[in-house]
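Here the structure is laid out as structure tokens; the discussion comes afterwards.
Number of protein chains: 2
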Amino acid sequence: MPDAELMQRLRELLGDKGVREEPHPDWPDIVLKPESTEQVSELLKLCNAAGQPLVPWGGKTCLVDGLNETCGELALSLERMNAIEEIDTLNRTLTVQAGCILQVAAEACEERGLLLPLDLGARGSATIGGNVATNAGGNRVIRYGMMRDLVLGLEVVLADGTVVSSLNKMIKNNTGYDLKQWFIGAEGTLGVITRVVVRLRPLPQSQNTALVACGDFGSVSRLLGWLDANTGGTLSAFECMWPSFYQYVTREGSLHTPPLPQDYPYYILVETLGSRPESDAEEFERVLGEAFEQELIVDAVIAKSESERHAIWEIRDDVLGFMAQGPCAIFDISVTVDHIPDFVAGVDAFMDTVPDSYRVVFGHLGDCNLHLILGNTNPVVFDKQKLEHGVYELVEKFGGSVSAEHGIGIMKRDHLGCSRSDTELELMYRMKRMLDPNNILNPNKIFTADKVA
Amino acid sequence: MPDAELMQRLRELLGDKGVREEPHPDWPDIVLKPESTEQVSELLKLCNAAGQPLVPWGGKTCLVDGLNETCGELALSLERMNAIEEIDTLNRTLTVQAGCILQVAAEACEERGLLLPLDLGARGSATIGGNVATNAGGNRVIRYGMMRDLVLGLEVVLADGTVVSSLNKMIKNNTGYDLKQWFIGAEGTLGVITRVVVRLRPLPQSQNTALVACGDFGSVSRLLGWLDANTGGTLSAFECMWPSFYQYVTREGSLHTPPLPQDYPYYILVETLGSRPESDAEEFERVLGEAFEQELIVDAVIAKSESERHAIWEIRDDVLGFMAQGPCAIFDISVTVDHIPDFVAGVDAFMDTVPDSYRVVFGHLGDCNLHLILGNTNPVVFDKQKLEHGVYELVEKFGGSVSAEHGIGIMKRDHLGCSRSDTELELMYRMKRMLDPNNILNPNKIFTADKVA
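And the structure:
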């Protein structure tokens, strides 16, 4: 339990609405809910002086167990700091408090005719601050980049309560070290993000979607380069599904009618976002026709209506359904495109040794990002650690990344060394020690507390 | 003079080719030229132990006096480490040693059918390492981003000789802190960049260029948003010239025939890079026609041949010619688009108070980046400090950046506070102290040595 005197002072600072007890079996029972950057700063000063650790809460998607294994932390939620402060249509920027929900911000921008490019499954619960802290990826990275690429400015509060305000709105600004980069993707371990300036883009006027099939992986990788070269900057999705994915999702009795036969080696959802509804559709069809003539693809179905587009995306997005087969581990890894076939073959060989197993492979192939769902139809034999060990050993073998877009949290902490050298890790520890010497900010995430003691 | 024993050991380490005396009135006379990362590491260990400062040399463009005011440094040139190690056409990456000249790397990529997106005037002398160290911008930022956005991986040697190898080739990699970001744009003060992995793009197949005129600044800023929204991701240049620029460059007796009359308020070079030579030209003309109908532009000339395109770009690029008018100061600043008219009006009002003055305004408006050339036709009254003071006071007033793309170096050191708060500066000092406690790496750049003593 936190120190009684500290709690008393936090209650005085934050008021009744600012300190809530929300009992939970795994998460901290006490949640601090400041309403301003000043309150964040003051509460951090108090906690830092008392050595009281905090775990910042975003949307709590928890894909890397970021909230589990807490020991004595207070939770810090910015849900009351959720204001959309400015949508600047001339400079095309959004200034927003960190607690704002991604979807709320995106819809507000859309109403003003602008696109907030980040989009991901958890859009309805994820916060902008969480998206920055985890350098979120999602559905349109191939076109607009990760969250890091969209952030122009940040306001961050350091562990000692120092407010670092770098709310830059300019695209070019080379004035000394780019401090915001230190905090993006640091998973809340170096500072608490309180405000963000996001670069907005014009709203696309056309969206063209197809599901295509490739006969071998060489064609898949050539198709990626070829489409990127022939769609003039509009390619926004290149989502690859292995037959294990496609066959299961579109199986008899499932919710989906298979738009293409089920016996192709690779299925790819391709999408472009353009500015000319009339000509873009025609052009999209022509480009896919050429890909067919060049034998890059062996089959294709182009969405001719909004409902057909949704039907294709729903196949790609129907990920939760797999888990009905039995307990599983979900992986979010990267390997370079040339290594993907051997990596997937390695996963197959490994899973062949696991009894009563099932496997699903899919991913944002345009970004080198694969997701794997590996599980057991017989719950009794499920061994998560064994599955993780098997996969991360392969990731290390192929020089890949144990976390493409979800971060490290607690779940991947022990596997960080597969993708990062001791020298790199030591630099991370030094940074953590410099900015958070008492280790109060999200301790034990990314690396364990003893590394920075 | 450096310590004799240190020099002896450096000569033993680097050999005859690795230590050269190149007398120069302003720059260090002794240049170290290592041929490998290992040599860079060893020489840094020696210099760090001896407290011997170093100034890393790139292409020596020197736009922010990065090489002047040296006091006892040894120069460190990576010109012998200039190998193009790999052009990976499948993953579309370039792995290159830091001393490689930008143009050499770009041409090698082009031969393999790929685009190295960074392009700038000094392409024939600037090195990739220098481009990373300064987070270079240039001609295509609006389409492909700054150098930071193109770097996938880095190898850096720290002041104490530690080699940090983060030669990542994957687009998505959220495994702990993104260390490379610390060194990009740090102007060689935190580490010596030895190797870089650059993300490549498909070579554009079409290039459409026009010079357009706008009647007022409101139209200019609306045109930027409108073109971005209506060219489907292909807009690559939006270069604005004020009449002071256009009229002088195309004056009677100049090298250039004015493609448009000389009495418009704003001239803009617009360019798109697309993938469909046939339809893109038609589309470009149609979009500009619509802009004319919507009264965003009042006149336009579209390049119909490669020589017409060159003629337009040569007007934009004929910057050195201005300096024939007399001594001048060159500025590289950013302000948000909404503030540009007031900022330029402020510069005009200020320059009206300067006797025998001339002024030129132009810039990468799509990136908020203005360049100013302010000088005196009468050399006797030229007062560079006064001009700098006048401009940076205006930059601070409008919340702008004293360096958009050239960095701080020595020239802008005293003005960094116009764009950065004391809190931000203190964080920079702390980082410098952590990574280079003896202050041997490019001391006195960005901030003076006493700040980190």
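Protein chains in written order, with my numbering: chain A, 20 to 472; chain B, 20 to 472. Glycine included, C-beta positions come from ideal geometry on N, C-alpha and C.
A residue is called buried once 16 or more other Cβ atoms fall within 10 Å of its Cβ, and Asn458(B) is buried on that count. Check the Cα spacing between Ser353(A) and each of Met189(B), His434(B), Met453(B) and Ile321(B): the tightest is with Met189(B). As far as DSSP is concerned, Gly409(B) takes part in no beta bridge. Contact residues of the segment 413-427 of chain B toward chain A are Gly418, Gly419, Ser420, Val421, Ser422, Ala423, Glu424, His425, Gly426 and Ile427 (C-beta to C-beta distance below 9 Å).
Approximately 6 Å separates the beta-carbon atoms of Leu137(B) and Leu169(B); this is inside 8 Å, confirming the contact.
With its beta carbon at least 8 Å from every one in chain A, Val151(B) lies outside the interface. Just measuring C-alpha positions, the residue of Asn158(A), Cys66(A) and Ala310(A) sitting nearest Asn461(A) is Cys66(A). Distance check between Glu130(B) and each of Ala141(B), Leu139(B), Thr80(B) and Thr108(B) places Thr108(B) closest, using alpha-carbon atoms only. For Ser353(A), the nearest CB of chain B lies under 8 Å from its own CB, placing it at the interface with that chain. Partner residues in the beta bridge of Thr228(B), as assigned by DSSP, are Glu290(B). Under the Cβ criterion (8 Å, minimum of three pairs), the segment 257-270 of chain B does not count as touching the segment 258-271 of chain A. Within the DSSP bridge table, the entry for Asn395(A) names Ser376(A) as partners. Spanning the alpha carbons of Glu41(A) and Val400(A) requires a straight line of approximately 35 Å. Judged by DSSP secondary structure, Pro360(B) falls outside any beta strand (DSSP E) and instead within the alpha helix (DSSP H) spanning Ile359 to Asp371. For Gln122(B), the enclosing alpha helix (DSSP H) starts and ends at Leu121 to Glu130.
Interface flag for Gly293(B) against chain A is set, since a Cβ pair is found closer than 8 Å. When C-beta atoms of the segment 243-258 of chain B are compared with those of the segment 138-146 of chain B, fewer than three pairs fall below 8 Å, so the two segments do not count as touching. Assignment of Asn249(A) by DSSP, reduced to helix, strand and coil, places it in the helix class.
If you look at Asp351(A), you'll find it isn't in any alpha helix (DSSP H); it sits in the beta strand (DSSP E) that goes Cys347 to Ser353. It is roughly 11 Å from the alpha-carbon of Arg295(B) to the alpha-carbon of Asn227(B).
Taking 8 Å as the CB threshold, Arg449(B) lines the interface with chain A. Taking 9 Å as the upper bound on Cβ-Cβ separation, chain A lies near residues Val160, Ile161, Arg162, Gly164, Met165, Arg167 and Asp168 of the segment 159-171 of chain B. If you look at Leu113(A), you'll find it in the beta strand (DSSP E) that goes Thr112 to Gln116.
As DSSP reads the structure, Met260(A) sits in a beta bridge with Tyr286(A) and Phe381(A). Following the DSSP letters along the chain, one finds Asp336(A) inside the alpha helix (DSSP H) bounded by residues Glu325 to Asp336.
Between Lys451(B) and Thr208(B), the C-beta spacing is below 8 Å. Using a C-beta cut-off of 8 Å, the segment 52-60 of chain B makes contact with the segment 28-43 of chain B, since at least three inter-stretch Cβ pairs fall below that distance. The three-state reading of DSSP puts Trp76(B) in strand, counting E and B together. Taking the beta carbon of Ala205(B) as reference, the chain A residues within 9 Å of it are Gly195, Tyr196 and Asp197, listed in sequence order. Closest in C-alpha terms to Gly293(B), from the list Leu173(A), Thr253(A), Glu309(A) and Ser438(A), comes Thr253(A). Under the 8 Å criterion on CB atoms, Ala310(A) is classed as non-interfacial with respect to chain B. Under the three-state reduction of DSSP, Glu174(A) is assigned to strand. Note on geometry: alpha-carbon atoms of Thr442(A) and Ile429(A) lie some 21 Å from one another. A residue is called buried when at least 16 other Cβ atoms come within 10 angstroms of its Cβ; Ala155(A) meets this threshold and is buried. At least one CB of chain B lies nearer than 8 Å to the CB of Met453(A). Assignment of Pro462(B) by DSSP, reduced to helix, strand and coil, places it in the coil class.
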